[in-house]
Amino acid sequence: MKKVTLITGGSRSGKSRYAQTIAMRYGGTRIFVATAEPVDEEMRARIRKHQAERAELFTTIEEPYDIGSAIASLPPGTDVAIVDCLTVWLGNLMYRNERCDVTAPPIQRLLGILDDPPCDVILVTNEVGMGIVPDSEMARRYRDLAGHLNQAVAQKADRVAFMVSGIPVMIKGEKD
Amino acid sequence: MKKVTLITGGSRSGKSRYAQTIAMRYGGTRIFVATAEPVDEEMRARIRKHQAERAELFTTIEEPYDIGSAIASLPPGTDVAIVDCLTVWLGNLMYRNERCDVTAPPIQRLLGILDDPPCDVILVTNEVGMGIVPDSEMARRYRDLAGHLNQAVAQKADRVAFMVSGIPVMIKGEKD
Amino acid sequence: MKKVTLITGGSRSGKSRYAQTIAMRYGGTRIFVATAEPVDEEMRARIRKHQAERAELFTTIEEPYDIGSAIASLPPGTDVAIVDCLTVWLGNLMYRNERCDVTAPPIQRLLGILDDPPCDVILVTNEVGMGIVPDSEMARRYRDLAGHLNQAVAQKADRVAFMVSGIPVMIKGEKD
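Protein chains in written order, with this note's numbering: chain A, 7 to 182; chain B, 7 to 182; chain C, 7 to 182.
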């Protein structure tokens, strides 16, 4: 069985770097599934910076919506795939359909493929529910959805790391 | 001595479900002290959904203000009580008295009863202080109060679980 | 080698109190480097309250900008210094220069001195990235900077404690 790892934590807590550190232990073909869609210059700059940092180490696939199908159709022989990140992806889904919840087909496709993925998968997500309740109803909906998705993915994952100040705290499974 | 358990974590991190999982290990009489007051349709829908989910497993008592007295006067023979949740309760108290702090009588009554509760008690709360400082002075007051209360309850608790993505991380005491 | 301890966590999670508890195990000279600058009455009240609480136990040095140099020039014979806190300090730096990042000279001076500090140092910081993405671009910049700094300091620290509801969870190194 292939191994599923979830890496969660706050913003700028070292999640992506830790995902890449784990993935670099694999020889062969490493795929990076990038979920971000550049909607403004600030994001374009972030995306360019991140792509430059991982160039030559990963083959990047950009997939802002249907990441379950993207994982299902990874090239044969892929050793490991990073999905970075689930919370940005949820933002894309809600931008298309504000009322979406965990029963939405793209979310169900992701959860389905995680039961038997074609290669080891490392998913990056964010903890977004430890601040005060947001004023905006859409923000409350978003953090509900993110929390529900994180729970569902963590349940399927073999390992879950919670990042705090760059330190991976294993809260499910063992470090390699 | 009866056992006090505190379950904390972000929004939608699986706190209530974990509280109910623990409580279901008890036979006999299980009480659910619900602190939420429906103030709008969004909340009424959440409350109805939660009540339906636990029907037949728990006897529900609604007590938005004086949860210390509610615990003190639980029916004899109660085996376990869940209080869900402290942060909503603090919101109710502040709605009545914006300046309230941990010295407020209802808070002191709760802290007092936790020294020697009539049955095992499982309290659910939220981590609300890991976002950026809120703009609103009242929101800052609220998160100060929630932080102080969480510390005071955690100190009295035999066990504290910190929920991350649905996973209980024991940070005080041991899992059953 | 002198020991560096980082204490992180949400607001009102008991970080400062835990820093002082650790520092009180030292005899001799204890210094408290306070980074807060009172900009309004709310802050002045908080600062006065905190100073009163630690009077006679610590010698306080107020340094809102150049805390690296403040540590480098501590009086000979200092046994332990608390820096409380890094996130307030970052706010001061950004108030002077909104575009500042971890390459800013005061930040580099702090990181440099932590490689070989003149005494044991206990730094207090905040987790600020576990809420939803802030609307304000400056707030996003601030939480990026705080996250990057926390990672850099945690990497240099011998011990990192993550505070949750007043409970120190050691995520790097061991408790004394």
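Idealized CB from N, CA, C, for every residue including glycine.
Say whether chain A places a C-beta atom closer than 9 Å to the C-beta of A145 of chain B. yes
What residue does the beta strand (DSSP E) around K18 of chain C start on, and which one ends it? Lys is not the amino acid found at residue 18 of chain C; the sequence shown has Arg there. Looking at the DSSP string, R18 of chain C is not in any beta strand (DSSP E), and its letter there is neither H nor E.
With a cut-off of 8 Å on the beta carbons, I'd call S19 of chain C and G135 of chain B a contact; round off their distance for me. 6 Å
Please check the pair T27 of chain B and N156 of chain B, which I expect to be a contact at CB under 8 Å, by giving their CB distance rounded to whole angstroms. Actually they are not in contact, since the Cβ atoms of T27 of chain B and N156 of chain B sit about 21 Å apart, beyond 8 Å.
Please classify K55 of chain A: does DSSP put it in a helix, a strand, or coil? helix
In the DSSP output, which residue or residues are listed as bridge partners for L129 of chain C? Answer is C:L12, C:V89.
By DSSP, does V139 of chain B sit in helix, in strand, or in coil? Annotated three-state conformation of V139 of chain B is coil, per DSSP.
Given that a residue counts as buried once 16 or more other Cβ atoms are within 10 Å of its Cβ, and exposed if not, what is L12 of chain A? Around the CB of L12 of chain A, 16 or more other CB atoms lie within 10 Å, so the residue is classed as buried.
Cβ separation of A170 of chain B and E180 of chain A, assumed to be a contact under 8 Å, to the nearest whole Å: For the sequence presented, residue 170 of chain B should be read as Val rather than Ala. The pair is not a contact, with the Cβ atoms about 17 Å apart (cut-off 8 Å).
Bridge-paired residues (DSSP) for T35 of chain B: B:T84
Which residues in chain A sit within 9 Å of T198 of chain C, going by Cβ to Cβ distance? The requested residue 198 of chain C does not occur in the structure, where chain C is confined to residues 7 to 182.
Below 9 Å between beta carbons: does that hold for A76 of chain B and V39 of chain B? It is a contact, given that the beta carbons lie within the stated cut-off.
Let me check you understand the geometry: is the CB of M169 of chain B closer than 8 Å to at least one non-hydrogen atom of the ligand MN? As far as ligands go, the structure on display features none, and thus does not contain the ligand MN.
Along the chain, where does the alpha helix (DSSP H) that runs through P111 of chain A open and close? Taken as a continuous stretch (DSSP letters only), the alpha helix (DSSP H) holding P111 of chain A covers 111-119.
Proximal residues to I119 of chain A (C-beta, below 7 Å), its chain only, five neighbours per side dropped: Contacts found: G74, I77, A78.
From the DSSP output, in three-state form, read off M30 of chain C for me. coil
If V199 of chain B and D121 of chain B are in contact, beta carbons under 8 Å, what's the gap, nearest whole angstrom? Because chain B here runs from 7 to 182, residue 199 of chain B falls outside it and cannot be looked at.
According to the neighbour-count rule (16 or more other Cβ atoms, all chains shown, within 10 Å of its Cβ), is Y101 of chain C buried or exposed? By the C-beta density criterion, Y101 of chain C is exposed, having fewer than 16 other C-beta atoms within 10 angstroms.
Taking all protein chains shown into account, do 16 or more other C-beta atoms lie within 10 angstroms of the C-beta of D46 of chain B, making it buried, or fewer, making it exposed? exposed
Boundaries of the beta strand (DSSP E) in which A42 of chain B is found, first to last residue: From DSSP, A42 of chain B is part of no beta strand (DSSP E); its letter is neither H nor E.
Inter-residue Cα distance where the pair is L99 of chain B and Y148 of chain B: 10 Å
Exposed or buried, which one is D90 of chain C when buried takes at least 16 other CB atoms within 10 Å? buried
If the cut-off is 8 Å on Cβ atoms, which residues from the region 140-168 of chain B count as contacting chain A, listed in chain order? P140, A145, Y148, R149
What residue does the alpha helix (DSSP H) around A167 of chain B start on, and which one ends it? From DSSP, A167 of chain B is part of no alpha helix (DSSP H) but of the beta strand (DSSP E) over 165-170.
Just tell me which of C:R54, C:I88, C:A152 has its CA closest to the CA of T35 of chain C. C:I88
When DSSP labels each residue in this structure, what does V175 of chain A get in the three-state scheme? V175 of chain A: strand per DSSP, three-state reduction.
Amino acids of chain C, ordered along the chain, whose beta-carbon sits closer than 7 Å to that of L92 of chain B: Those within 7 Å of L92 of chain B in chain C number zero; the least Cβ separation is about 11 Å.
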